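Participant:
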Amino acid sequence: MNAEKYKEININSMVTANQVFFVLGLEYLTATIASALNNLVPAVTLVLAVFGRLENVGIRTVGGLAKVIGTIVCVGGSTLLSFYHGRIIGITESSIHWRYAEKMNESSSNNGTNFLGPFLITISCVAWAVGFIIQVHA
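Quick note on numbering: the sequence shown equals residues 1322 to 1459 in my numbering.
1) Quick one, are the C-beta atoms of N1339 and A1448 less than 7 angstroms apart?
2) Taking only three categories from DSSP, how would you classify F1342?
3) Ignore the nearest five residues each way along the sequence and tell me which others in I1455's own chain have a CB closer than 6 angstroms to its CB.
4) One question on the structure: do V1378 and V1371 come within less than 7 angstroms of each other, judged by their Cβ atoms?
5) Determine, using beta carbons only, whether G1452 and V1341 come nearer to each other than 7 angstroms.
6) Buried or exposed: where does H1364 fall if 16 or more other Cβ atoms within 10 Å of its Cβ makes it buried?
7) What separation, rounded to the nearest whole angstrom, lies between the Cα atoms of L1350 and L1386?
8) Quick one: grab the DSSP three-state call for N1435.
9) Assign C1446 to one of two classes, buried (16 or more other C-beta atoms within 10 Å of its C-beta) or exposed (fewer than that).
10) By the 10 Å Cβ neighbour count, where 16 or more other Cβ atoms means buried, how is I1354 classified, buried or exposed?
11) For the alpha helix (DSSP H) that contains I1380, what are its first and last residues?
12) Leaving out five residues on either side along the sequence, give the residues of the same chain with a beta carbon under 7 angstroms from the beta carbon of I1380.
13) Please list, in chain order, all residues of the same chain as L1361 whose beta carbon is under 6 angstroms from its beta carbon, the five residues on each side excluded.
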């Protein structure tokens, strides 16, 4: 097999891993939090590219400082949103909404898997980032 065929197989494997871990993570999270955690993909891609010596951050430049600050804000915001479970805000009096919200609140707080959902979505983001790096630099 030539190098292009290996590249295609690796990219397809990362896409498959991304989707599998994302769907597994949705078992333990709401779609809102899972979607917010997908904002980790650019940060994870940058970190993997820096560790793989494919990207130079240049911390002393304005652009490098923006990369670092943007990555910290991205990871911090996604982490805060995924682990913070506040009170349900009552906006309307819909009984359908409240039954669904109470069911979601019970299922997310009583099963003891508040760590597993964000972890699986984060693994999905890592797989996606690895796929990007393979696609560009292989």
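Just so you know, even glycine gets a beta-carbon here, dropped at the ideal spot from N, CA and C.
For clarity, every value in this text was computed on a predicted model and none was experimentally measured.
Facilitator: Result, derived from the coordinates:
1) Their beta carbons are under 7 angstroms apart, which means N1339 touches A1448 by this criterion.
2) Three-state result, F1342: helix.
3) Here the set comprises N1331 and I1332.
4) The answer is yes: Cβ separation under 7 angstroms.
5) In this structure, V1341 does not lie closer than 7 angstroms to G1452 by Cβ.
6) In the sequence as displayed, the identity of residue 1364 is Ala instead of His. A1364 is buried by the Cβ-count criterion.
7) Between the C-alpha atoms of L1350 and L1386 there is a straight-line separation of about 33 angstroms.
8) Three-state result, N1435: coil.
9) The residue is buried, with at least 16 neighbouring Cβ atoms inside 10 Å.
10) With 16 or more other Cβ atoms within 10 Å, it is buried.
11) Boundaries for I1380: no alpha helix (DSSP H) harbours it, and the DSSP string shows neither H nor E there.
12) Around I1380: L1386 and V1389.
13) Cβ within range, chain order: S1399 and C1446.
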